[in-house]
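Numbered per our numbering, the sequence shown finishes at 570, counting up by one with no gaps. One structure is given here, and the rest of the page talks about it.
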Amino acid sequence: MRPIRFYTGVFLVSFAALMLEIVQTRILSVVVWYHLAFFVISLAMFGLTAGAVWVYLKGERFSEKTLSYDLGYFSGLFAFATAVCLAVQMTLAPVITRLFTTLWIWTELALCLSIPFFFAGVAISLALTRSSYAIAKVYGVDLVGAASGAVGALLLLNLTDGPSAVLWIAVVAASSSIVFSTSAIGGLPEIKPPFHLWLWQRQWIFLLLLLAAVVNPFLEHGLQPVVVKGKFEFPGTHALRKWNSFSRVDVSPTFRGSPIMWGPSPRMFDKPWVADQVDLFIDGDAGTTAYRFDGNFDSVGFLKFDVTNLAYFLPGRERGVVVGVGGGRDVLSAALFGLKEITAIELNPILVDLQKSDDGLLPFTNIARIPGVQLIADEGRSLLARSELGRHLGGDRRRSIYAQ
Numbered sequence: 167m168r169p170i171r172f173y174t175g176v177f178l179v180s181f182a183a184l185m186l187e188i189v190q191t192r193i194l195s196v197v198v199w200y201h202l203a204f205f206v207i208s209l210a211m212f213g214l215t216a217g218a219v220w221v222y223l224k225g226e227r228f229s230e231k232t233l234s235y236d237l238g239y240f241s242g243l244f245a246f247a248t249a250v251c252l253a254v255q256m257t258l259a260p261v262i263t264r265l266f267t268t269l270w271i272w273t274e275l276a277l278c279l280s281i282p283f284f285f286a287g288v289a290i291s292l293a294l295t296r297s298s299y300a301i302a303k304v305y306g307v308d309l310v311g312a313a314s315g316a317v318g319a320l321l322l323l324n325l326t327d328g329p330s331a332v333l334w335i336a337v338v339a340a341s342s343s344i345v346f347s348t349s350a351i352g353g354l355p356e357i358k359p360p361f362h363l364w365l366w367q368r369q370w371i372f373l374l375l376l377l378a379a380v381v382n383p384f385l386e387h388g389l390q391p392v393v394v395k396g397k398f399e400f401p402g403t404h405a406l407r408k409w410n411s412f413s414r415v416d417v418s419p420t421f422r423g424s425p426i427m428w429g430p431s432p433r434m435f436d437k438p439w440v441a442d443q444v445d446l447f448i449d450g451d452a453g454t455t456a457y458r459f460d461g462n463f464d465s466v467g468f469l470k471f472d473v474t475n476l477a478y479f480l481p482g483r484e485r486g487v488v489v490g491v492g493g494g495r496d497v498l499s500a501a502l503f504g505l506k507e508i509t510a511i512e513l514n515p516i517l518v519d520l521q522k523s524d525d526g527l528l529p530f531t532n533i534a535r536i537p538g539v540q541l542i543a544d545e546g547r548s549l550l551a552r553s554e555l556g557r558h559l560g561g562d563r564r565r566s567i568y569a570q
């Protein structure tokens, strides 16, 4: 017996299961709504419990005599099911209608979400109940793996997109299958289970999943959601797309037309304003607009006619704080009205990076190049409460302005 490999396999299965649960909550937040996180959590618990109950009902079918094989087999099924169920999930259109079709779609989605957890539950239950190792140690490794998975999911989503993150999780599950199969606990079963010959090629499965995980983020026609918030997304729908642990930010292709405004004054239409614009969407729905700015404030003079900029008409204002950069509209407005010091605070680091990066929106909006503008990735109210900036603004309100 090789206890280190056994414990490593337990760690990897728990690690992958918790990461999958968290990443799926992020994917469903994009495709449907964030409050359906409970849907993913419930189905994950259902799948894990169903796997554990199945092991219990099988009784003598599983024993230490074939434990390494069984653990490798079911963790391999966990990896395979994770990738296949993701592929099916990406083809679904989970919308809310009064059609029977909707019920069927959500049933399919529920199956796609729960099936991988069933196999993970089988593997974890076998490790806990059929090995001769101290259950306290096995359970401790299981908990450490799960806790690490909670952190690992956040790191993974900051490095790649949601569907590709699921493929990486399948890679982790496949690696656990390889490790389990070499833990040398027992031998082969007399009666081979279904898919034995296929799952016996563990190294090839691992390499194929690894290739898919590496390549998918760079493919325009890869595994990505087809329907987001009830709208179809075709290749080329977005010029730029980025994910992190709490959002997906999409940038539309550039379009030219009348500036999108929140509350335009009738006087704005005395002149036929036209601007190049892009739309930014968070999780496929919450949107804002960015305007092309080349350093000439006359080209964005229409911002003076929006009611949201009314406060800038107060005289003597020299500095301002913008909480929520978005597409940079409020920052551009503050500069247009002559503020000399503009601190823009944004919670989402993707939006800050877009405004600062030559590969993002910097060549389009140029707000990071405006003299006196400072872009900060932080929680706005918290930063103002704990920093000199907040005290500075509070002590000189006659010269300061705050925009949200």
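Note that beta-carbon positions come from the ideal geometry of N, C-alpha and C, so glycine has one too.
- For LYS303, no beta strand (DSSP E) segment is defined; the enclosing uninterrupted segment is the alpha helix (DSSP H) at 301 to 323.
- In this structure PHE372 is buried. Its beta-carbon is surrounded by 16 or more other beta-carbon atoms within 10 angstroms.
- Taking the Cα of ALA247 as reference, the smallest distance to any Cα among PHE266, VAL539, GLY486 and SER280 is reached at SER280.
- With contacts defined as CB atoms closer than 8 Å, ILE533 and GLY494 qualify as a contacting pair.
- Taking all protein chains in view, the Cβ of HIS404 is crowded by 16 or more other Cβ atoms within 10 Å, so the residue is classified as buried.
- Rounded to whole angstroms, the gap between the alpha carbons of PHE284 and ASN475 is 55 Å.
- Counting of Cβ neighbours within 10 angstroms places ARG192 among the buried residues, the total reaching 16 or more.
- Note on the stretch 184 to 256: whole alpha helix (DSSP H) runs with a minimum of 4 residues are 203 to 224 and 233 to 255, in chain order.
- Judged by DSSP secondary structure, THR267 falls outside any beta strand (DSSP E) and instead within the alpha helix (DSSP H) spanning 266 to 295.
- If you look at PHE530, you'll find it in the alpha helix (DSSP H) that goes 528 to 531.
- Nearest to GLN255 by alpha-carbon distance, out of GLN367, LEU406, ILE290 and LEU333, is LEU333.
- Annotated three-state conformation of SER341 is helix, per DSSP.
- CA-to-CA, the gap between MET434 and PHE266 works out to about 49 Å.
- If you check the CB distance, SER341 and GLY238 do not come in under 8 Å.
- If the five residues before and after VAL518 are omitted, its C-beta is found closer than 7 Å to the C-beta atoms of VAL491, GLU512, LEU541 and ALA543, all from its own chain and listed in chain order.
- Per the DSSP secondary-structure output, ASN410 pairs in a beta bridge with SER413.
- Membership of ARG495 in the alpha helix (DSSP H) is indicated by the continuous run 495 to 502.
- Rounded to whole angstroms, LEU186 and LYS522 show a C-alpha spacing of 32 Å.
- Between PHE228 and ALA286, the CB-CB gap reaches or exceeds 8 Å.
- A check of alpha carbon separations from VAL179 across ALA500, ALA313 and THR268 identifies ALA313 as the nearest.
- DSSP, read as helix, strand or coil, puts GLU512 in strand.
- CA-to-CA, the gap between LEU469 and ALA289 works out to about 60 Å.
- 8 Å or more divides the Cβ of ASP445 from the Cβ of ARG422.
- Three or more Cβ pairs closer than 8 Å define a contact, and the stretch 295 to 308 meets that threshold against the stretch 169 to 184.
- About 7 Å separates the Cβ atoms of PHE459 and SER465, confirming a contact at the 8 Å cut-off.
- In terms of Cα proximity to ASP436, the closest of ALA253, PHE463 and GLY467 is GLY467.
- Taking the Cα of VAL488 as reference, the smallest distance to any Cα among VAL345, GLY482, ARG368 and VAL497 is reached at VAL497.
- If you draw a straight line from the Cα of PRO430 to the Cα of PRO329, it comes to about 40 Å.
- The beta-carbon distance between VAL196 and ILE335, rounded to whole angstroms, is 17 Å. This is too long to meet the 8 Å contact definition.
- Rounded to whole angstroms, the gap between the alpha carbons of ALA276 and ALA249 is 15 Å.
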